[in-house]
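Read the structure below first, then the notes.
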Amino acid sequence: MSSANSSLEISLGKTLFSSPLFAASGVWPLEPELWPSQALEGLGGICSKGITLLPREGNPGVRLAETPSGLLNSIGLQNPGMAAFVETSLPRMVREPLPLVVNVAPQSEEDFEGLFEPLRAWESRIAAVELNLSCPNVKAGGMSWGKDPDGVALATRLARSLWKGALWIKLTPQAPDLCAVARGAEYSGADALVVGNTWLGMAMDLQKKRPVFERVVAGLSGPAIFPLALQTVWSVAGTVDIPVIGCGGVQSWEHAAAMILAGARAVQVGSGLLHSLSLPGEIASGLREYMVREKFGSLAEMTGAGRK
Amino acid sequence: MPFPGGLMDNSKIWEGSGILREIRPLLDGVFLLEVEAPEVTSRAHPGEFVLLRVSPSWDPFLFRPLGIAGISGDRMVLLVQVVGRGTALLQTLSSGTAVTLRGPLGRGFSEPKKEKRYLLAAGGLGVVPLLYAYRQWGGAVPMELLLGVPDASWAPLGAYLRQFVPDLRVVSDDGSLGERGNPCICIRGSWDEVWACGPLPMLRGFYECLPGDVPYFPSLEARMGCGYGGCLGCVVPTTEGNLRACVEGPVMDGRKVLWHELCK
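Protein chains in written order, with the working numbering: chain A, 1309 to 1616; chain B, 312 to 575.
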């Protein structure tokens, strides 16, 4: 391929995406009339906000705090619950031309059936289900599913038994041994791994002399975490054979290219959209030019080229 | 514009460069910006806002939500209070600088009715969206603009507003500017509808002292992330659940806001 119109098409499982760029879960409205059209250019798909079995009002108090080149968030998975999502949002979201990845957030083993059953009727129109394993498993004393290989394996097995479509497992960088966790997901039937999610941080209110967030901790995202995220992508991509989707701090085409060279088949942008709606389009054109300049015939050829 | 209920229409959102055409101090810690951005000014409506950030740096990372005080031609006026690093940095820019804008955003005030009498009650720089509303409709609809300030150090804001609102009513906490008192006392009167913007305790005070049958529409400020309804960082607790200040607001039905939770 020799023109600046190099194809950015990628296939993940059976689905062909026009671009390797996805809107990460948490920054994209459930209502299509609210989708900012400027951000659509360059995206290959979108990940829904995290959907839990029952509706959640999310966290009280302050939900956002800016940090150097990033932000902390403590939204608390505010969402309408799976029944309302399937009734109201999903039918409208799948009518849009952009492939939809549904992010589901189980809070106990008992949640799985109720989370997946309503989605089955929509299987042919959902590009993938992304399992959010950063949320706490109530039965495991509130520890996040994603922290240990057994929790990840259990959650992946449960989801795999209930969902025949593409299954992405979104890992948390809080796992003490991310590669062990990644292998646990791979062996248990994951089709792809999303690496990763926000990093735990906190902020202190000097006037009130107490933490800014009611839950004390919050998730750090934005370009501040990019070097950390790149390292996790590198590690996991060197460990598993299934596709890795890089996620964390991507704010430029250079960031996306670095993740792909490290072994990511696709890249998600989250907080990046808060900073710039034209980011997906800018990344897409930057990647195309880079591929021409560096003589990569396809993204598949570029994926992992930095490891050789 | 449907109101209440319904959402803003995000097809209006535009993000790009605006040019700073004027920047000057108005009073201590408050400055005025005039930004040229025809893509915003041609589509804005009173009560809507813009997100603005200094480009192209990643630090500060987020845009700042700023109310629109008025529009003339392809320029909009923004009044900014220095509250942190972002607004302090903004204050150092000079005329001719490009800034990044996202907007117009949010759901503003509904079109007023000629047969009704409106009170527009502001606390300090909360006057910004109300000034835009007054400039748009004040000539055709009975409207009074009330400004509450701490003291006479805010006189330059009053003088600025009088260019557009000759019969502006000013009250100050210590009586050193205009009448002595606070807006909560002054809003008692025969109003058919009250619009307000300012500090949360004042907005809550209006809710508590207004007769229950007077429609009350405050414009609420919140920490904001995306501005398009995605991140849920700016929610306001209401009887209908947590609503987003950026798309279901910033102008909300004050009777539905759960003030005790919001003001915690």
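All residues carry an ideal CB built from backbone N, CA and C; glycine is no exception.
No experiment lies behind these values; they were computed from the predicted model shown.
- A Cβ-Cβ contact shorter than 8 Å links M513 of chain B with G459 of chain B.
- With a threshold of 8 Å between beta carbons, D484 of chain B makes no contact with chain A.
- Secondary structure of S1432 of chain A (DSSP, three-state): helix.
- Bounds of any beta strand (DSSP E) do not take in C495 of chain B; it lies within the alpha helix (DSSP H) bounded by P494 to C497.
- Excluding sequence positions up to five before and after P453 of chain B, its CB lies within less than 6 Å of the CB of R428, all in the same chain and listed in chain order.
- Shown here, D1419 of chain A sits in a helix according to DSSP, grouped into three states.
- Taking 8 Å as the CB threshold, W1336 of chain A lines the interface with chain B.
- R1400 of chain A and A1391 of chain A have their C-alpha atoms roughly 14 Å apart.
- The beta-carbon of G1530 of chain A is placed less than 8 Å from the nearest beta-carbon of chain B.
- In terms of Cβ geometry, E1317 of chain A and G1589 of chain A do not form a close pair [threshold 8 Å].
- Between A1490 of chain A and V1548 of chain A, the C-beta spacing is below 8 Å.
- Secondary structure note for G552 of chain B: it is in no alpha helix (DSSP H), and the uninterrupted beta strand (DSSP E) holding it is G552 to R555.
- Separation of the CB atoms of F342 of chain B and I334 of chain B is rounded to 6 Å, and the pair is thereby assigned contact status at 8 Å.
- Residue-level contact check: L569 of chain B does not touch chain A, since none of the beta carbons of chain A fall below 8 Å from its beta carbon.
- Contact between the segment 402-422 of chain B and the segment 477-492 of chain B is absent, with fewer than three C-beta pairs closer than 8 Å.
- The Cβ of I1354 of chain A sits no closer than 8 Å to any Cβ of chain B.
- Around C542 of chain B, the beta-carbon contacts reaching into chain A at under 8 Å are G1334, V1335, L1372, N1381, I1383 and L1582.
- In the DSSP assignment, E504 of chain B falls within the unbroken beta strand (DSSP E) covering E504 to C508.
- Contact annotation: the segment 1601-1616 of chain A does not touch the segment 1350-1369 of chain A, with fewer than three C-beta pairs closer than 8 Å.
- According to the DSSP secondary-structure assignment, M387 of chain B is paired through a beta bridge with B:V346 and B:I382.
- Residues of the same chain with a CB within less than 7 Å of the CB of L511 of chain B, apart from the 5 flanking positions on each side, are L573 and C574 in chain order.
- Residue contact with chain B for P1405 of chain A: absent (no Cβ-Cβ distance below 8 Å to any residue of chain B).
- Pairing I1383 of chain A with P371 of chain B, the inter-Cα distance amounts to about 21 Å.
- Your pair P423 of chain B and V361 of chain B does not check out as a contact, with CB atoms roughly 23 Å apart and the cut at 8 Å.
- About 19 Å separates the beta carbon of R375 of chain B from that of R386 of chain B, a gap too long to meet the 8 Å contact definition.
- Listed by position along chain A, the residues whose Cβ is nearer than 8 Å to that of C574 of chain B form an empty set, because the closest Cβ is around 12 Å away.
- Against chain B, the CB of P1344 of chain A has a partner CB under 8 Å away; the residue lies at that interface.
- For the segment 363-386 of chain B, the set of residues with a beta-carbon nearer than 7 Å to any beta-carbon of chain A comprises W369, D370, P371, F372 and L373, in chain order.
- Our two residues, F420 of chain B and L389 of chain B, have alpha carbons roughly 18 Å apart in a direct line.
- Per DSSP, the continuous beta strand (DSSP E) segment holding Q1576 of chain A begins and ends at A1572 to V1577.
- C-alpha of L344 of chain B to C-alpha of G500 of chain B: approximately 35 Å in a straight line.
- Going by beta carbons, G560 of chain B and L521 of chain B fall outside the 8 Å limit.
- Using a CB distance below 8 Å, no part of the segment 1588-1607 of chain A faces chain B.
- Going by DSSP, C1555 of chain A is part of the beta strand (DSSP E) stretching over V1552 to C1555.
- With distances taken between CA atoms, R534 of chain B lies nearest to A:V1520 out of A:G1554, A:V1520, A:E1341 and A:A1483.
- With respect to chain A, the C-beta atom of R413 of chain B has a partner C-beta closer than 8 Å.
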